[in-house]
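The next block holds one structure in the form of structure tokens; read it before the comments.
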Amino acid sequence: MAPATLGARPDKSGTEFAVWSSRAGKIELCLFDANDREIKRLPMARGEDGVFQLHVKDVRAGMRYGYRADGDYNPARGLSFDPDKLLVDPYAVAIDRPYIYDARLGARRGEGGDTASLMPKAVVTASSEASPVAPLLFQPGGLIYELPVRAFSMRHPDVPKKDRGTLRALSHPAVIDHLKKIGVSAVELMPITAKIDERHLPPLGLTNAWGYNPVTFMALDPYLAPGGIADLRAATDALRKAGIGVILDLVFNHTGESDEHGPTLSLRGLDNLAYYRHEPDGRLVNDTGTGNTLACDHPAVRDLVLASLRHFVRQAGVDGFRFDLAPVLGRDGEGFDANAQLLAAMRIDPVLSSRILIAEPWDIGPGGYQLGQFGSPFLEWNDKYRDDVRRFWRGDSGMVGRLATRLAGSSDIFADEQQSRSVNFIAAHDGMTLADLVRYEKKHNEANGEDNRDGHDENLSWNHGVEGESAEPRIVGERVGDQRALLATLFASRGAIMLTAGDEFGRSQCGNNNAYAQDNALTWLDWDERDEALEDYVAALSALRRNSSALRDTTFLTGQPRDGGGSADVAWMTETGLPMDETAWNDPDRRRLTMVLASMAGAGRLAVLVNGDRRSSTFVLPLRDGYHWFGALDQDASSEGRRLVEGRAVAFMIEREADAGEAR
Numbered sequence: 001m002a003p004a005t006l007g008a009r010p011d012k013s014g015t016e017f018a019v020w021s022s023r024a025g026k027i028e029l030c031l032f033d034a035n036d037r038e039i040k041r042l043p044m045a046r047g048e049d050g051v052f053q054l055h056v057k058d059v060r061a062g063m064r065y066g067y068r069a070d071g072d073y074n075p076a077r078g079l080s081f082d083p084d085k086l087l088v089d090p091y092a093v094a095i096d097r098p099y100i101y102d103a104r105l106g107a108r109r110g111e112g113g114d115t116a117s118l119m120p121k122a123v124v125t126a127s128s129e130a131s132p133v134a135p136l137l138f139q140p141g142g143l144i145y146e147l148p149v150r151a152f153s154m155r156h157p158d159v160p161k162k163d164r165g166t167l168r169a170l171s172h173p174a175v176i177d178h179l180k181k182i183g184v185s186a187v188e189l190m191p192i193t194a195k196i197d198e199r200h201l202p203p204l205g206l207t208n209a210w211g212y213n214p215v216t217f218m219a220l221d222p223y224l225a226p227g228g229i230a231d232l233r234a235a236t237d238a239l240r241k242a243g244i245g246v247i248l249d250l251v252f253n254h255t256g257e258s259d260e261h262g263p264t265l266s267l268r269g270l271d272n273l274a275y276y277r278h279e280p281d282g283r284l285v286n287d288t289g290t291g292n293t294l295a296c297d298h299p300a301v302r303d304l305v306l307a308s309l310r311h312f313v314r315q316a317g318v319d320g321f322r323f324d325l326a327p328v329l330g331r332d333g334e335g336f337d338a339n340a341q342l343l344a345a346m347r348i349d350p351v352l353s354s355r356i357l358i359a360e361p362w363d364i365g366p367g368g369y370q371l372g373q374f375g376s377p378f379l380e381w382n383d384k385y386r387d388d389v390r391r392f393w394r395g396d397s398g399m400v401g402r403l404a405t406r407l408a409g410s411s412d413i414f415a416d417e418q419q420s421r422s423v424n425f426i427a428a429h430d431g432m433t434l435a436d437l438v439r440y441e442k443k444h445n446e447a448n449g450e451d452n453r454d455g456h457d458e459n460l461s462w463n464h465g466v467e468g469e470s471a472e473p474r475i476v477g478e479r480v481g482d483q484r485a486l487l488a489t490l491f492a493s494r495g496a497i498m499l500t501a502g503d504e505f506g507r508s509q510c511g512n513n514n515a516y517a518q519d520n521a522l523t524w525l526d527w528d529e530r531d532e533a534l535e536d537y538v539a540a541l542s543a544l545r546r547n548s549s550a551l552r553d554t555t556f557l558t559g560q561p562r563d564g565g566g567s568a569d570v571a572w573m574t575e576t577g578l579p580m581d582e583t584a585w586n587d588p589d590r591r592r593l594t595m596v597l598a599s600m601a602g603a604g605r606l607a608v609l610v611n612g613d614r615r616s617s618t619f620v621l622p623l624r625d626g627y628h629w630f631g632a633l634d635q636d637a638s639s640e641g642r643r644l645v646e647g648r649a650v651a652f653m654i655e656r657e658a659d660a661g662e663a664r
């Protein structure tokens with residue numbers, strides 16, 4: 001049976017229910033009233049294709065339901081059938097309440113009792129008429145703004161309290177004005193589908209704040225989207241009117257059913273061996289570090305993933321997707337394959353092939369680091385960019401060549417292509433914030449309840465001599481300066497760029513580099529205390545990038561004139577204006593670099609002056625007859641192609657035609 005026929009589909013006389021399992025001996029449909037009482041339990045008929053099906057008369061949109069599956073029970077062999085476990089439909093597009101962890105959800109068969117009272121119920125939902133696939137708003141070289149929906153607006157003073165922490169906040173004019181101010185091309189919403197807390201969090205009084213622990217792939221989290229898919233559609237429409245696309249960060253590598261001790265909520269109870277990868281001895285494969293790994297090479301999983309993606313395009317009009325731990329989507333028992341059936345299907349699907357597809361190209365499985373291997377049209381998170389830029393500004397030696405490679409789009413990684421597929425970022429949700437990179441040398445995750453053992457130990461960060469907050473004006477000034485230098489480097493880089501919400505105005509998590517369980521003021525953006533001067537600087541950088549074809553272009557640089565004439569597409573120079581030679585590139589103490597980019601439109605060039613030394617320096621720029629150099633952000637004219645750049649700073653210069661009386 002095609003995946004389009006799975007799920008609950010109301011018609012004129014009732015509702016058709018269909019769910020798939022290759023191993024269940026029996027599946028029953030359970031219907032619930034508004035008081036959460038089970039009012040009917042109906043056996044479903046099994047077809048030859050493994051689809052259990054039942055049409056129920058007079059069942060309309062709004063009815064709550066779940067499934068119970070029975071069959072062999074032998075967890076050591078991956079068989080987990082238990083009719084006491086109420087299961088949520090994998091194709092549900094709405095649930096009536098959030099998932100809440102309870103140890104009884106993971107009890108062995110015959111030991112935990114009926115779980116119906118503990119479980120959300122899927123809601124029969126009338127299909128909305130699918131909207132035409134909208135043209136993409138996000139374009140190559142654009143700015144992606146990674147946004148945690150709840151943390152973003154919980155403390156926003158202009159958003160009504162009832163909408164704070166939800167998708168509805170994204171439609172508020174104050175929010176849209178902020179996004180437009182800093183030039184966002186697309187927001188990337190951290191997971192908004194229904195999830196469950198990891199079982200170790202409730203005893204610690206913590207909850208999963210990031211959402212990377214999904215259960216149902218199409219149903220949205222009721223906390224974030226009280227109105228379901230309509231809330232996402234409204235937010236997408238409001239952002240689209242402002243010229244801003246929406247990218248969904250989705251998790252198809254594991255589910256919240258976790259390891260063999262985890263809860264049975266949906267896929268595990270329907271067909272554990274089919275939906276999850278197992279070792280030959282029956283143990284769950286753990287390529288994700290979360291206890292289970294989806295078997296994305298299985299047709300049932302592949303169909304479910306593709307159906308979920310099409311659902312969000314057709315029903316919510318999103319621009320595209322970012323895939324968490326994406327090698328899982330291309331892995332089978334033999335390893336990762338960029339041409340695996342699921343990835344190949346995305347490339348050719350009539351709905352999905354036009355969307356933005358972004359891979360996080362690593363997981364912890366064998367051969368799990370696949371940066372550069374996904375192939376077009378996938379963009380890829382580039383952690384080599386992140387690390388090399390951090391190392392340069394931290395002061396590591398021998399980094400000037402690697403910085404140039406990252407500025408130029410990382411052709412060493414995407415070597416077989418004409419354009420960069422890099423998503424350049426310096427900080428993301430996972431790790432220290434941009435502000436904390438220059439305040440903390442070590443992680444400070446004590447609030448997570450794991451004795452500071454969680455999170456990365458090496459953050460390539462620095463603290464200016466004081467760990468954490470400081471009132472010393474010199475230290476405060478140096479830290480702000482370093483944030484500006486990091487941000488300027490990001491906006492000067494070829495490829496897509498990504499900024500995490502709040503990093504434009506100096507948000508801090510007090511050195512916590514794994515704040516996934518901190519749904520509180522530690523992660524909620526503080527709009528009242530933001531650094532507005534830093535925010536204005538980001539807005540200026542973004543405007544410069546939008547208005548500069550040289551910065552937006554994603555084509556790899558060659559050092560030769562484009563189309564055989566005019567200026568070279570890039571010239572690499574020392575601060576004295578001399579070409580970078582082998583000696584300069586290999587000088588381990590070199591901290592300065594000039595990148596001169598030709599305009600795609602044939603107008604004046606743009607120069608990026610990088611001074612990673614603590615001492616200020618006068619940079620000399622190449623002169624052309626009939627042109628002068630001007631500050632790109634301050635508009636001051638240079639004196640005969642010279643510009644003083646303060647220590648640990650980046651400056652931008654634009655070449656413009658001189659007035660007739662000024663031409664040399």
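Take this note's numbering: the final residue in the sequence shown is number 664, and no numbers are missing along the way.
Yeah, the Cβ is synthetic: ideal placement off N, Cα and C, and Gly gets one too.
- Judged by DSSP secondary structure, Gln341 falls within the alpha helix (DSSP H) whose first and last residues are 341 to 348.
- Beta-carbon to beta-carbon, Pro135 and Pro120 are separated by about 36 Å, too far to satisfy the 8 Å threshold.
- Taken atom to atom, the span from the alpha-carbon of Asp430 to that of Glu657 is near 45 Å.
- In this structure Arg453 is exposed. Its beta-carbon is surrounded by fewer than 16 other beta-carbon atoms within 10 angstroms.
- Take Asp332, set aside five residues on each side of it, and the residues of its chain with a beta-carbon closer than 6 Å to its own are Asp297, in chain order.
- Assigned with DSSP and collapsed to three states, Ala219 falls in coil, not helix or strand.
- DSSP, read as helix, strand or coil, puts Gly112 in coil.
- The criterion of a C-beta distance shorter than 8 Å is not satisfied by Ala603 and Arg562.
- One thing to note: Val570 has its Cβ no nearer than 8 Å to the Cβ of Ala496.
- Distance from the CA of Gly25 to the CA of Ala501, rounded to the nearest whole angstrom, comes to 49 Å.
- Taken through DSSP and simplified to helix, strand or coil, Trp585 comes out as helix.
- Secondary structure within the region 426 to 508: the beta strand (DSSP E) runs of 3 or more consecutive residues, fully enclosed, are 496 to 500 (chain order).
- In this chain, the alpha helix (DSSP H) harbouring Gln315 covers 299 to 316.
- Nearest neighbour of Val650 by Cα position, chosen from Gln483, Ala550, Gly626, turns out to be Gln483.
- In the structure shown, Leu42 falls within a strand segment according to DSSP collapsed to helix, strand and coil.
- Within 10 angstroms of the beta-carbon of Arg390 lie 16 or more other beta-carbons, which makes it buried.
- Under DSSP, Lys195 shares a beta bridge with Pro214.
- A residue is called buried once 16 or more other Cβ atoms fall within 10 Å of its Cβ, and Asn253 is buried on that count.
- Pro377 places its beta carbon 8 Å or farther from that of Arg402.
- For Trp393, the uninterrupted alpha helix (DSSP H) segment begins and ends at 383 to 394.
- Taking the C-beta atoms as reference points, Arg394 is found nearer than 8 Å to Trp462.
- Taken atom to atom, the span from the alpha-carbon of Gln373 to that of Ser397 is near 29 Å.
- By the C-beta density criterion, Ile95 is buried, having at least 16 other C-beta atoms within 10 angstroms.
- Inter-segment contact for the region 177 to 191 and the region 142 to 152 is present: three or more beta-carbon pairs are separated by less than 8 Å.
- Taking 8 Å as the upper bound for CB-CB distance, Leu329 and Leu309 are not in contact here, some 11 Å apart.
- Relative to the Cα of Ile356, the nearest Cα in the group Asp249, Leu460, Glu478 belongs to Asp249.
- Of Gln419, Phe630, Arg615, the smallest CA-CA separation from Leu606 is found for Phe630.
- Taking C-beta atoms as the reference points, Tyr275 and Ala295 count as a pair closer than 8 Å.
- With a cutoff of 8 Å on beta-carbon distance, Met573 and Thr594 are scored as near each other.
- For Pro173, the uninterrupted alpha helix (DSSP H) run begins and ends at 173 to 181, by DSSP.
- In the assembly as shown, Gly211 is a buried residue. Its beta-carbon has 16 or more other beta-carbons within 10 Å.
- In the pairwise beta carbon analysis, the region 255 to 274 is classified as touching the region 77 to 90: at least three pairs are separated by under 8 Å.
- Spanning the alpha carbons of Lys40 and Leu29 requires a straight line of approximately 8 Å.
- Closest in C-alpha terms to Ser508, from the list Arg592, Ser567, Ala427, comes Ala427.
- Secondary structure note for Asn35: it is in no alpha helix (DSSP H), with a DSSP letter that is neither H nor E.
- Segment contact: the region 48 to 67 against the region 237 to 248, fewer than three CB-CB distances shorter than 8 Å; contact not assigned.
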